[in-house]
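First comes the structure, then the notes that go with it.
2 protein chains.
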Amino acid sequence: MSSLSPERSLLVDFITEAYPMSVSLASDIAGRFYPVRLSKGAFFLKEGTICNEYLFLTDGFMRSYAFDPDGNDITTGFHRRKQVVFEVSSFFHRIPSRENIHAITACTGIAITYTTLNELFHTLPEFREFGRSILVGGFTNLKSRMLSTITETAETRYLQLLKTNPDIFQHAPLRTIASYLGITDTSLSRIRKEISGK
Amino acid sequence: MSSLSPERSLLVDFITEAYPMSVSLASDIAGRFYPVRLSKGAFFLKEGTICNEYLFLTDGFMRSYAFDPDGNDITTGFHRRKQVVFEVSSFFHRIPSRENIHAITACTGIAITYTTLNELFHTLPEFREFGRSILVGGFTNLKSRMLSTITETAETRYLQLLKTNPDIFQHAPLRTIASYLGITDTSLSRIRKEISGK
DNA sequence: CCAATTTGTTGCCAATTGGCAAGATTCTTC
DNA sequence: GAAGAATCTTGCCAATTGGCAACAAATTGG
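Line by line, the protein sequences are chains A and B.
The first sequence begins at 1 in the UniProt record's numbering and counts up by one.
The second sequence begins at 1 in the UniProt record's numbering and counts up by one.
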């Protein structure tokens, strides 16, 4: 019986749910993660740098964003507790990131480096499967978001987000939610007005 | 010196470009793939079924599509020779696919099953890396497509597609290209008219 | 607690895109 | 090669969304 930190306990639960394996194995894995703290506004990843950490967020909210050709800040994703946070392309291809990831509230989590992750992947097939599951899950989510962006109206997408991710609205300004939905803050404001009058 | 089929030779080149490994190892891997032929219009994957093949397309064009809530056929992707074709979520999670994939021209390729792929992943770390590279590449492409869908006008996206993937226009009807771009065929037609008058 | 900044809303108008239906064009298929 | 089907274009109008600017509201930082 080891005495895992609460953060590592959360990760053990998360790992075993994502891919079946023994708790002791998951605990070994979680033991390799080190604590991370980010104060509100702090960056986890800055564009132009290589993402070198694979973070399991245990508390707080984070936001990924990129700048479009006109210099507008576009939200590419929100991240909450019990999610894995990293920039896929930069992390795995070892190239500078085009995205930023920052804490929109104070955050705590536990992380491993690229090197450690690869060691673990190499020695533990189960952790490899876990890693693949995270990747496939992210890919699948994005595919469904893409489809809804193409086929649904902004109002529908907004209502959907409100229903499935209400917590985002308590932590992120509407402006950043608007760009996540693919619209301007002006349009989002109008949509909200429209809905409130029902 | 083995005598690989032309399809397998193509795959060897493709593998070694995606992830550095010896040609003999890549040849061993390619040797595990079996030939696949699809006549024009034939399905590689039907929605509701589990994607069980990991296909390396050596000739022809394919299209992935799903139906939106109104029953409209929405193109989720085009695939050309020297690309890996499969539905990520269905294949790795072993769940029924919500997408269809069909041949829009006669196609040839070579494939492996889910089981074989896992055997190879298990025994060959290099092939695992190759597999991850494919996954990460697909993810990255989708992220950039998502960003351009949100930030760029339909006209810009059309011109971009025309420049980077002109071959698609020789094989896919405009209607399916329109839904890929996230617009209706009517709008695409107008955009084309607008551009031609310049 | 107040000034300064950020965030959200609204009005006005323009640009983009969609829906529908008719017609033109192209392509299959027998 | 002709009939039928699928594809593409166009006109008309409506709905959605954006751009800009002003204002209001909320938040932040001394």
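The beta carbon of each residue, even a glycine, is placed where N, CA and C say it ideally should be.
Euclidean distance between Cα positions of residue i and residue j
i                : j                : result
ARG94 (chain A)  : ASP167 (chain B) : 31 Å
GLY197 (chain B) : LEU159 (chain B) : 14 Å
ARG175 (chain A) : THR184 (chain A) : 7 Å
PHE56 (chain A)  : SER133 (chain A) : 14 Å
SER22 (chain A)  : PHE14 (chain B)  : 37 Å
ILE195 (chain A) : THR156 (chain A) : 11 Å
THR75 (chain B)  : VAL85 (chain A)  : 29 Å
SER3 (chain B)   : THR115 (chain B) : 25 Å
THR113 (chain A) : ALA42 (chain B)  : 45 Å
VAL12 (chain A)  : LEU38 (chain A)  : 22 Å
GLY31 (chain B)  : SER90 (chain B)  : 25 Å
PHE121 (chain B) : PRO20 (chain B)  : 16 Å
ASP70 (chain A)  : LEU161 (chain B) : 20 Å
SER24 (chain A)  : LEU124 (chain B) : 26 Å
CYS51 (chain B)  : ARG8 (chain A)   : 35 Å
ARG188 (chain B) : MET146 (chain B) : In the sequence as presented, Arg is not what sits at residue 188 (chain B); that position holds Leu. Whole-angstrom Cα-Cα distance: 19 Å.
PHE92 (chain B)  : LYS193 (chain B) : 43 Å
HIS171 (chain B) : LYS163 (chain B) : 15 Å
VAL36 (chain B)  : ASP68 (chain B)  : 30 Å
PRO6 (chain B)   : ARG81 (chain A)  : 49 Å
ILE191 (chain A) : GLU152 (chain B) : 21 Å
GLY182 (chain A) : GLY138 (chain A) : 19 Å
LYS143 (chain B) : LYS40 (chain A)  : 26 Å
PHE169 (chain A) : THR49 (chain A)  : 29 Å
ASN118 (chain A) : SER148 (chain B) : 32 Å
Residue closest to residue i, alpha-carbon to alpha-carbon, out of the options
i                : options                                : result
TYR34 (chain B)  : B:VAL88, B:PRO20, B:MET21, B:TYR54     : B:TYR54
VAL136 (chain A) : A:PRO173, A:SER27, A:VAL88, A:HIS122   : A:VAL88
ASN165 (chain B) : B:ALA66, B:TYR180, B:GLU152, B:THR151  : B:TYR180
GLY131 (chain A) : A:ASN72, A:ALA26, A:SER187             : A:ALA26
ALA18 (chain B)  : B:LEU38, B:PHE78, B:ARG128             : B:ARG128
ALA66 (chain A)  : A:ALA42, A:ILE101, A:LEU10, A:ILE50    : A:ILE101
GLN83 (chain A)  : A:ASN72, A:ILE191, A:PHE91, A:ILE110   : A:ILE110
THR186 (chain A) : A:SER9, A:ALA154, A:PHE169             : A:ALA154
VAL96 (chain B)  : B:PHE121, B:LEU45, B:MET146, B:THR123  : Per the sequence presented here, residue 96 (chain B) reads as Pro, with Val not at that position. Of the candidates B:PHE121, B:LEU45, B:MET146, B:THR123, the one whose C-alpha sits nearest the C-alpha of PRO96 (chain B) is B:LEU45.
GLU126 (chain B) : B:GLU7, B:SER9, B:ASP28                : B:ASP28
PRO173 (chain A) : A:ARG98, A:SER5, A:ASP73, A:LEU117     : A:ASP73
ASN141 (chain B) : B:GLU47, B:SER5, B:HIS79               : B:HIS79
GLU47 (chain A)  : A:SER5, A:GLU99, A:LEU10, A:GLY77      : A:GLU99
ILE150 (chain B) : A:ALA178, A:PHE139, A:PHE169, A:SER144 : A:ALA178
Range of the contiguous beta strand (DSSP E) that encloses residue i
i               : result
ARG63 (chain B) : 62-67
ARG37 (chain B) : 34-38
ASP59 (chain A) : 53-59
PHE43 (chain A) : 43-45
GLN83 (chain B) : 83-85
Where residue i sits in the DSSP three-state scheme
i                : result
ARG157 (chain B) : helix
THR105 (chain B) : coil
ASP73 (chain B)  : strand
PHE91 (chain A)  : helix
THR113 (chain A) : strand
TYR96 (chain A)  : One detail in the question is off: residue 96 (chain A) reads as Pro in this sequence, not Tyr. Three-state result, PRO96 (chain A): coil.
ILE50 (chain B)  : strand
SER3 (chain B)   : coil
THR186 (chain A) : helix
ASN118 (chain B) : helix
Residue interval of the alpha helix (DSSP H) (run including residue i)
i                : result
ASN141 (chain A) : 125-151
ALA172 (chain B) : Counting along the chain, ALA172 (chain B) falls outside any alpha helix (DSSP H), and DSSP gives it neither H nor E.
LEU11 (chain A)  : 6-18
GLY31 (chain B)  : 23-31
ARG80 (chain B)  : Note, ARG80 (chain B): premise wrong, no alpha helix (DSSP H); not H, not E.
Any contact between the segment 52-70 of chain B and the segment 96-106 of chain B? By contact I mean 3 or more CB pairs, one from each, below 8 Å.
The segment 52-70 of chain B is in contact with the segment 96-106 of chain B.
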